[in-house]
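What follows is a single structure, written as structure tokens, with notes after it.
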Amino acid sequence: MSNLKVALRQYFRQESGATAVEYGLVVALIALAIIGGVTAIATSINGTFSTVETKMG
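First residue of the sequence shown: 702, per my numbering; consecutive thereafter.
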């Protein structure tokens, strides 16, 4: 029974899996921010080119 207790304590003290999940979430949030920023910039650039195209005829 004592060995089981020790094994369970060691298992629950391991944080490498939790750390990997946290890093994964951070990377996902950064990726979403980049995608959102690029989409906003692309929309702005598209509007600018449309304006130039209209003025050029």
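By construction, the Cβ of each residue, glycine as well, lies at the ideal position given by its N, Cα and C atoms.
If you're wondering where the values come from, they're calculated on a predicted model, not measured in any experiment.
Residues in the same chain with beta-carbon distance under 6 Å from residue i, minus the five sequence neighbours each way, listed in chain order, please.
i, result
"Thr752", "none"
Helix, strand or coil for residue i? Go by DSSP, reduced to three states.
i, result
"Gly758", "coil"
"Gln711", "helix"
"Glu723", "helix"
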